[in-house]
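Novice: Before I ask anything, let me first share the structure, which is written out below as structure tokens.
Number of protein chains: 2
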Amino acid sequence: MGHVQLPSLVLDSQRGELVEATVRVGRGGVSAERSIVALRNHCEAERKRRARINAHLDTLRSMVPGANKMDKASLLSEVVSHLQELKRSAAEASEGLLMPTDIDEVRVEGQENGLDVGPYLIRVSLSCDYKPGLLSDLRQALDSLHLIVMKAEIATLEGRMKNVL
Amino acid sequence: MGHVQLPSLVLDSQRGELVEATVRVGRGGVSAERSIVALRNHCEAERKRRARINAHLDTLRSMVPGANKMDKASLLSEVVSHLQELKRSAAEASEGLLMPTDIDEVRVEGQENGLDVGPYLIRVSLSCDYKPGLLSDLRQALDSLHLIVMKAEIATLEGRMKNVL
DNA sequence: AAGCACACGTGATTC
DNA sequence: TGAATCACGTGTGCT
Chain A
1 MGHVQLPSLV LDSQRGELVE ATVRVGRGGV SAERSIVALR NHCEAERKRR
51 ARINAHLDTL RSMVPGANKM DKASLLSEVV SHLQELKRSA AEASEGLLMP
101 TDIDEVRVEG QENGLDVGPY LIRVSLSCDY KPGLLSDLRQ ALDSLHLIVM
151 KAEIATLEGR MKNVL
Chain B
1 MGHVQLPSLV LDSQRGELVE ATVRVGRGGV SAERSIVALR NHCEAERKRR
51 ARINAHLDTL RSMVPGANKM DKASLLSEVV SHLQELKRSA AEASEGLLMP
101 TDIDEVRVEG QENGLDVGPY LIRVSLSCDY KPGLLSDLRQ ALDSLHLIVM
151 KAEIATLEGR MKNVL
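Residue numbers (full-length UniProt numbering), protein chains in the order written: chain A, 1 to 165; chain B, 1 to 165.
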């Protein structure tokens, strides 16, 4: 297991000086073979490794909108979220480009919240020819159904409208 | 600086047992104050922290296509690449309207109508982070300028909004 | 003081 | 064998 055991070398007590620990186990000096220089290489390599990792971590911080000055764990968590979000919106953006079409469509994907009654989420997407006042009509219909719109994406293209709520 | 210095406590040599190092510096035992339990809490907290980070790292591994069994640095590098790639494809997925994703922008392309005064057409496109009430603010601004909106295209994507009038 | 977060040096493991 | 990666315990600083 990874413990501190039989420290054959001790570092400094002053300025990064490596000192041989006076340890004699059984026969002759097993330690202090040529290790001092090897150890230096080792821990310097490790430092370089940490630098690489932290560098990538920093570039991630710069790419994620609000993630500046977040601790390492939260940053990674945020990166995961953003990655999911981008994958999702990328998928449905390429699908939204096939702007459906000549036919009008209303699709409802609901997902229960765990409670039999009470709040649950549905996702409705509709696309049709746009006409003035359509949005307020939609809003009225939503209100009459006691639905609260959490997030809306509206796109109009060439007189067609797609609406994802 | 962060070195190993004057180890007042030594761990195990066997099964996670904490042993006081017989160190007497000058006057009386400065070490072994209340440290044993505090140290336990400390290193256990640190272990939990590492667990969180590595957990997120693992979920990242599962999300990135070919990044299974990559070392930590390469994984993060790959995550950066994929994040850029997704941002790019998400941006150009909005196709006809290529949303300038990073910077806010207001562009006005005016074209005279032939008359020096009187009605003329302008085409304004703006993109910025979306916030509630932004649309009505925009409408108010337009009204105060005595502008009539002939045609509007509105698209929202990932909290960004593009607006062509 | 008491908690968290980070960088460090080092033992173990793998190729 | 060295080189490279990881997990660990610890020192240190910030709050």
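The C-beta atom is built at its ideal place from N, Cα and C for all residues, glycine as well.
Check whether the region 67-78 of chain B touches the region 50-59 of chain A, taking contact to mean three or more Cβ pairs, one atom from each stretch, closer than 8 Å.
Specialist: yes
Novice: In this structure, does DSSP put residue 168 of chain A in helix, strand or coil?
Specialist: Given that chain A is displayed from residue 1 to residue 165, the structure contains no residue 168 of chain A and the question cannot be resolved.
Novice: Residues in its own chain within less than 7 Å of Val79 of chain A by CB, not counting five upstream and five downstream?
Specialist: Leu60 and Val64
Novice: Since I believe Leu57 of chain B is in contact with Leu76 of chain A (beta carbons under 8 Å), could you give me their beta-carbon distance rounded to a whole number of angstroms?
Specialist: Rounded to the nearest angstrom, the Cβ distance from Leu76 of chain A to Leu57 of chain B is 7 Å, consistent with a contact under 8 Å.
Novice: DSSP on Asn68 of chain B, reduced to helix/strand/coil?
Specialist: coil
Novice: For a contact defined as C-beta to C-beta under 7 Å, what are the partners of His56 of chain A on chain B?
Specialist: Ala73, Leu76, Ser77 and Val80
Novice: Is there at least one Cβ from chain B nearer than 8 Å to Met70 of chain A's Cβ?
Specialist: no
Novice: I need the straight-line Cα distance from Ala68 of chain A to Ser62 of chain A, nearest angstrom please.
Specialist: Note that residue 68 of chain A is Asn in the sequence shown here, rather than Ala. Cα to Cα, Asn68 of chain A sits roughly 7 Å from Ser62 of chain A.
Novice: Quick check on Lys48 of chain A - is its C-beta less than 8 Å from some C-beta in chain B?
Specialist: no
Novice: Using beta carbons (cut-off 8 Å, strictly below), is Ile53 of chain B in contact with chain A?
Specialist: yes
Novice: Can you pull the chain B residues whose beta carbon is under 9 Å from the beta carbon of Ser35 of chain A, in chain order?
Specialist: None at all; the shortest Cβ gap to chain B is about 16 Å.
Novice: Taking the straight line between their C-alpha atoms, what separation do you get for Gln140 of chain B and Lys87 of chain B?
Specialist: 33 Å
Novice: Rounding to the nearest angstrom, what Cα-Cα distance links Ser35 of chain A and Ser81 of chain A in this structure?
Specialist: For Ser35 of chain A and Ser81 of chain A, the distance between alpha carbons rounds to 45 Å.
Novice: Ser89 of chain B and Ala90 of chain A - do their beta-carbons sit closer together than 8 Å?
Specialist: yes
Novice: Of all Cβ atoms in chain B, is any one closer than 8 Å to the Cβ of Ser144 of chain A?
Specialist: no
Novice: Under 9 Å between beta-carbons, which chain A residues line up against Leu39 of chain B? List them in chain order, please.
Specialist: Residues of chain A passing the Cβ test: none, with the nearest at roughly 12 Å.
Novice: Given this structure, state the Cα-to-Cα distance separating Asn41 of chain A from Lys48 of chain B, to the nearest angstrom.
Specialist: Spanning the alpha carbons of Asn41 of chain A and Lys48 of chain B requires a straight line of approximately 29 Å.
Novice: Beta-carbon of Ala90 of chain B versus every beta-carbon of chain A: anything under 8 Å?
Specialist: yes
Novice: Alpha carbon to alpha carbon, what distance is there between Glu85 of chain B and Ala138 of chain B?
Specialist: Reading off the sequence, residue 138 of chain B comes out as Leu, not Ala. Near 33 Å, if we compare the C-alpha coordinates of Glu85 of chain B and Leu138 of chain B.
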